[in-house]
Amino acid sequence: MSTLIAPHNPRSQMGPSGIYRRLPLEPHQMGERLTPTEDLFVLIHMGTPAVDVSTWSLGIGGMVSRPLSIPLTELRSLPHVAVQTVHQCAGNPLEPTVPTRRVACVEWAGVALKSLIDLAELDPRATHMWSFGMDHGEFEGASCDGYGKDLTIDRLLESGALIAYELNGSALPVAHGFPARLVVPGYYGTNTVKWLDRIEFRDKPLDALFTTTYYNDAKSATEARKPVWEIPVGSLFTLPAPGSSHHRGDGLDVAGWAWAKSGVSRVEVSVDGGANWRPAKLEPDRGAAWRRFEETIAVAEPGPLGLVVRATANDGRSQPLEGVRYAAHAITINVI
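Each residue of the sequence shown is one higher than the one before, starting from 224 at the first, in the working numbering.
Here is the structure:
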């Protein structure tokens, strides 16, 4: 049976419905290109399973010609791949439009999902992959036998999905899904199933608590809901820190990170709360990882200064000022 993990550092807390959280770093603390494992946020909806790695194996079944059961030693013997990618939480499923800025950039390593699909010999009629974790229990009063998610197979292959058993060059920690988890670059963390137990290939979506009730967005008041899958465009300031003081007449250095599943085309900064915008310098594309932006701004008048950053993705989507989970990041500093 699963047991809830105990808080173990100052940024840990238990939330509503038994959700365990290791709180994310504040944006101004996210200056490192790769987020250290000990600073990576954690969100656990139900329990943390105690896994006996000597008996654990990854089951692969459903619409395949060769069902498989792969122990960790065999998984580690397969061709090794690594990817640096943005890892972002979609936020509280009970408050889907509230930005939480639980975001990081880390390196995952393991086995390409395509390698496992080739070994299992996929039925061409299969359209979806169902992924199941070993965590189970209750969420918001609803019983759940196991955390389950789905994605279309074409999206998984296009993204370069992998079964990861390493994080930032070391074995995957328990809180992050040991012994293995699904990683889908460019997709919200809710899809990257931890404590992975089995994957099944099917010709339809999965009807489960975390695919139909939670982690869905309403298309409109009358349309059906849609899954929270791809990470939209996002950005945040790492410099300056909110509430910090700066002398008027000096150049104000601003910097931070921007990201999007489709890639980032530009980043803009406002010094008047979003009324007017100016472009920031954006480093070259880094694939699935986030990209640094920076700019130096002249500040002349004393008083509070409202800074806002927004990014625009290659698909044309730009961050609105409010009302969505990927809203623009705004801070206030003091000019003296």
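All C-beta atoms in this analysis are idealised placements derived from N, C-alpha and C, irrespective of residue type, glycine included.
On the criterion of 16 or more Cβ atoms from any shown chain inside 10 Å, does residue i qualify as buried, or is it exposed?
| i | result |
| --- | --- |
| Arg289 | exposed |
| Gly539 | exposed |
| Ile611 | Absent from the model: residue 611. The displayed extent of the chain is 224 to 559, so no value can be given. |
| Lys417 | buried |
| Met224 | Low confidence applies to Met224: its pLDDT is 29, below 50, so where it sits in the model is not reliable, and the reading given next is rough at best. So Met224 ends up on the exposed side. |
| Leu544 | exposed |
| Ile559 | exposed |
| Glu381 | exposed |
| Val276 | exposed |
| Thr555 | exposed |
| Ser468 | exposed |
| Arg501 | exposed |
Mind checking which residues open and close the alpha helix (DSSP H) that includes residue i?
| i | result |
| --- | --- |
| Ser382 | 376-382 |
| Ile340 | 336-343 |
| Leu298 | 295-300 |
At which residues does the beta strand (DSSP E) containing residue i begin and terminate?
| i | result |
| --- | --- |
| Ser541 | Segment: none, Ser541 is in no beta strand (DSSP E) and carries neither H nor E. |
| Ile520 | 514-521 |
| Glu249 | Note, Glu249: premise wrong, no beta strand (DSSP E); not H, not E. |
| Ser280 | 280-285 |
| Arg324 | Run containing Arg324: none; DSSP gives neither H nor E here. |
| Ile556 | 552-558 |
| His310 | 304-311 |
What number of angstroms, rounded off, separates the C-alpha of residue i from the C-alpha of residue j?
| i | j | result |
| --- | --- | --- |
| His399 | Val265 | 7 Å |
| Arg471 | Pro463 | 14 Å |
| Lys484 | Ser458 | 12 Å |
| Gly479 | Gly314 | 20 Å |
| Phe424 | Leu291 | 12 Å |
| Pro396 | Lys449 | 31 Å |
| Ala521 | Val306 | 38 Å |
Would you list the residues sitting across from residue i in a DSSP beta bridge?
| i | result |
| --- | --- |
| Cys367 | Gly360 |
| His399 | The partner list for His399 (beta bridge, DSSP) is empty, contrary to what the question assumes. |
| Lys449 | Asp440 |
Check whether the Cβ of residue i lies closer than 7 Å to any heavy atom of the ligand MN, and answer yes or no.
| i | result |
| --- | --- |
| Arg533 | Although the ligand MN was asked about, the structure shown includes no ligands whatsoever. |
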